[in-house]
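All residue numbers for the sequence shown refer to the numbering used here, where the first residue is 41 and numbers rise by one. Positions of the beta carbon are idealized from the N, C-alpha and C atoms, including for glycine. Here the structure comes first, spelled out in structure tokens, and everything after it is commentary.
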Amino acid sequence: MELKPGLSALVTGGASGIGKALCIALARKGLFVTVIDLSEENGREVVSLVQKENKHVHQYARVPSAIFIKCDVTNGEDLAAAFRKHVDTFGGLDICINCAGFVNKSLVYDDKSDGTSTWRRAVNVNLVAVIDGTRIASQVMRSQKKPGVIINISSVAGIYPMSYEPVYSGTKGGVVMFTRSLAPLKRYGIRVNVLCPEVLRFA
């Protein structure tokens, strides 16, 4: 898919890190962008940056060039509502990037909690929410009957074992295999890719 003005993208985890960088990069191509994140302050800051980058393209548009939606991606109803708001605002969905992530900083075999805020949270954010986001995006794109792109953000830890963070590594490995198993969506014109970045430094 050629990135061109008028297309729209939805990015989960778009308020910081890789997600933020992708939102800004898409804006420079003139795309409408929905930033989804839990951090409202950071999310609205990214929306301002996106609008600054693509204002020369959308200065006469009837809709904002970017919107922020506060959403916990592990809440299926809220995530589905975020997709609906994106479609209602921009008239469709061309690109979905599932980038929201969570790093569990405690070793699972030392964790005596129920995992709600540690390893279980990592599984729900890093894997379950990616599956859910992909499911919703693919259904929206199929209903539009036009090409679409879904990009799932994994990690090098999804390819090589990370002994000091086994749950994170396991969830990212799950994202890799899940995404590779979605080749049949090609018949609907939907391309699904997974990216596996290493450690990144952000300014």
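In this structure, does DSSP put residue i in helix, strand or coil?
i      : result
ASP77  : strand
LEU222 : coil
GLU66  : For clarity, residue 66 is Leu in the given sequence; the question names Glu instead. Of the three classes helix, strand and coil, the one that applies to LEU66 here is helix, per DSSP.
LEU133 : coil
GLU117 : helix
MET41  : coil
VAL103 : coil
Within the same chain, show all residues whose beta-carbon is closer than 7 Å to that of residue i, passing over the 5 residues directly before and after it, in chain order.
i      : result
ASP112 : LEU78 and ASP118
CYS63  : VAL51, GLY54, VAL73, VAL75, VAL86 and VAL90
TRP159 : ASN144, VAL148, ASP151 and VAL207
ASN245 : Only positions 41 to 243 of the chain appear in the structure, and residue 245 is not among them; the question remains open.
PHE130 : SER48, PHE72 and VAL103
Per DSSP, residue i forms a beta bridge with which residues?
i      : result
GLY188 : ILE230
ASN138 : THR52 and ASN192
LYS110 : ASP77
PHE72  : SER48
LEU235 : ILE193
Leaving out five residues on either side along the sequence, give the residues of the same chain with a beta carbon under 6 Å from the beta carbon of residue i.
i      : result
VAL97  : PRO45 and GLY70
ILE135 : ALA49 and VAL189
PHE108 : VAL75, GLY83, ARG84 and VAL87
ARG182 : TYR228
GLY213 : GLY198
ARG161 : PHE142
GLY219 : Inspection of the sequence shows that residue 219 is occupied by Thr rather than by Gly. Once the five neighbours on either side are set aside, the close Cβ partners of THR219 are ASN192, VAL232 and VAL234.
LEU222 : VAL232
Quick one: what's got a C-beta closer than 8 Å to residue i's C-beta in the same chain, skipping five residues either side?
i      : result
ASP216 : Rather than Asp, the amino acid found at residue 216 in this sequence is Val. Excluding residues within five positions, the ones whose Cβ falls inside 8 Å are SER194, GLY198, ILE199, VAL234 and CYS236.
SER105 : ALA67, PHE72, VAL73, VAL90, GLN91, ASN94, LYS95, VAL97 and HIS98
SER146 : THR158 and TRP159
ILE58  : CYS139, ILE193, PRO237 and LEU240
LYS125 : THR74, ILE107 and ILE109
Thinking residue i and residue j are a contact (beta carbons under 8 Å), I'd like their distance in whole angstroms, please.
i      : j      : result
CYS139 : THR52  : 6 Å
VAL170 : THR114 : Not really, about 11 Å apart at Cβ, beyond 8 Å.
ILE191 : ALA120 : With a Cβ gap of about 19 Å, ILE191 and ALA120 do not count as contacting.
GLN184 : GLY132 : 5 Å
ASP224 : MET41  : Going by the sequence as given, residue 224 is Pro instead of Asp. Their Cβ separation, rounded to whole angstroms, is 18 Å, which puts PRO224 and MET41 out of contact at 8 Å.
Alpha helix (DSSP H) runs contained entirely in the stretch 143 to 213, provided each spans 4 or more residues: Considered as a whole, the stretch 143 to 213 harbours 159 to 163 and 169 to 184 as its complete alpha helix (DSSP H) runs of no fewer than 4 residues, in chain order.
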